[in-house]
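Below is one structure, written out as structure tokens; comments come after it.
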Amino acid sequence: MIGTGCAVNFATEHFHPATPVNIPINGFGPGHRIRIVGVPAPNARRFWVNLNTPTDTAFHFNPRFDERCVVRNNTRHTHWQHEERFADHFPFNHGHIFTIEFIAVGGHIEVFYNGRLFTRFAERDDPHHIRTVQVDGDVHVHSIHVSSN
Ligand code: GAL
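All the letters of the sequence shown, read from the start, carry residue numbers 1 to 149 under the UniProt record's numbering.
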């Protein structure tokens, strides 16, 4: 026996995937985490991270250098829903490495930028239906780490 608990931790890590990249996940409920390390292209206009169900995007996280905001949204029957845009600042910089983490806390997804809470997104659909993490747009992905416990 190792330790006193019975926790089982599943983790996968992918290095330098070409974009668009799709990483399989089996739901995104409490305890699930995704960590992405990347660098926006020197001339980046936009990139995005999508948590996708087989038919929709449950969470779209979309840094836009052209608007200096991070749009958050989902689709329902493939139609974009209400955008959330509010934030104190736009933390991304062209050519600067970042770490973003998505943490499922039950009802919300917390998003951390370089270790600091950046925003929360209230889940609009059942996160158990999420099956892929997708990253695309003007970004180089250094690594994607998915874990659950
Ligand atoms: C649209 C854009 C999509 C997505 C969406 C989010 O205008 O074309 O890529 O970002 O906004 O609401």
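Glycine residues also receive a C-beta, built at the ideal position from the N, C-alpha and C atoms.
Residue i versus the options, residue with shortest Cα-Cα distance
i	options	result
Gly115	Ala122, Glu123, Phe102 and Gly107	Phe102
His16	Gly29, Val39, His77 and Ile34	Val39
Thr55	Ala41, Thr132, Val105 and Gly137	Thr132
Val105	His32, Thr19, Ile36 and Thr78	His32
Pro20	Val146, Val135, His145 and Val139	Val135
Leu51	His89, Arg64, Ser143 and Ile34	Ile34
Residue i versus residue j - alpha carbon distance
i	j	result
Phe121	Ala87	12 Å
Asn73	Ala11	27 Å
Asn22	Trp80	20 Å
Val71	Ala18	23 Å
Ala58	His77	11 Å
Enclosing beta strand (DSSP E) for residue i [first to last residue]
i	result
Arg124	No beta strand (DSSP E) holds Arg124; DSSP gives it neither H nor E.
Glu110	His108 to Tyr113
Identified DSSP bridge partners for residue i
i	result
Arg76	His79
Asp136	Trp48
Report the start-end ranges of each alpha helix (DSSP H) in the segment 12–47 that is 4 residues or longer and not cut off at the edges. Qualifying alpha helix (DSSP H) stretches: none in this window.
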